[in-house]
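Numbering (my numbering), first residue to last: 3 to 44.
First comes the structure, then the notes that go with it.
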């Protein structure tokens with residue numbers, strides 16, 4: 003249940019959820035930024 007709620011919060015960051023970036027390193031960078039913003043806002 004906590005994992006599902008976490009992914010719902012991450013979905014707010016559209017760039018991460020739709021995976022616009024083709025390179026894995028760019029995607030992981032954006033995912034990391036989304037996780038940091040989520041941690042700050044919590």
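Glycine included, each C-beta is placed from N, C-alpha and C at the ideal position.
Exposure label - residue 5; buried when at least 16 CB within 10 Å: Counting from one through the chain shown, the residue named residue 5 turns up at place 3. Exposed, since its Cβ has fewer than 16 Cβ neighbours within 10 Å.
Span of the alpha helix (DSSP H) around residue 30: As a first step, residue 30 is located in the chain shown; it is residue number 28 there, counting from the start. Start and end: 26-43.
Contact belief for residue 36 with residue 12 at Cβ below 8 Å, rounded distance in angstroms: The residue labelled residue 36 in the question sits at position 34 within the chain shown. The residue labelled residue 12 in the question sits at position 10 within the chain shown. Correct: roughly 6 Å between the Cβ atoms.
Residue span of the alpha helix (DSSP H) that contains residue 14, given as start and end: As a working mapping, residue 14 is identified with position 12 in the chain shown. Segment: none, residue 14 is in no alpha helix (DSSP H) and carries neither H nor E.
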